[in-house]
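Letter by letter, the sequence shown follows residues 1 to 79 of UniProt numbering.
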Amino acid sequence: MSVEQAKAFIEKMKTDEAFREKIMAIETPEERLKAIGSAGYECTGEEINEVGSAEVGEAGGAKNGIGYANPKEKGLSEC
């Protein structure tokens, strides 16, 4: 599990609309993390939130790579 993998995942979410839609269509945090892992990203919800929060700060409050200003809105941090 790594922050580097979380960064790569967020970059993929920013640049690949079909991938982003596929991940965000998954209802539960557990299933979403399974899909993220199946896509080759070995990271936790906490690591994704850590990277996403850092990017929100750098962007002056813009949405993070997951598509929400607060990843907790879709439950990624609950895993």
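Heads up, the beta-carbon is just placed ideally off N, CA and C, and yes, glycines get one too.
Separation of residue j from residue i, as counted between CA atoms
i	j	result
K22	G52	19 Å
S2	A8	10 Å
E47	Y41	11 Å
T44	E31	12 Å
K12	S38	14 Å
A18	A6	18 Å
Under the three-state DSSP convention, the category residue i falls into
i	result
G40	coil
T28	coil
I66	Low per-residue confidence applies at I66: pLDDT is 47, beneath 50, and the placement is therefore not dependable, though the value from the model is reported in the following sentence. In the structure shown, I66 sits in coil (DSSP, three-state: anything other than H, G, I, E or B).
S2	coil
Nearest residue (CA-CA) to residue i, options the options
i	options	result
P29	N49, E4, K14, Q5	N49
Whole-angstrom C-beta distance between residue j and residue i, which should lie under 8 Å
i	j	result
E55	I26	No, E55 and I26 are not in contact; Cβ-Cβ is about 21 Å, not under 8 Å.
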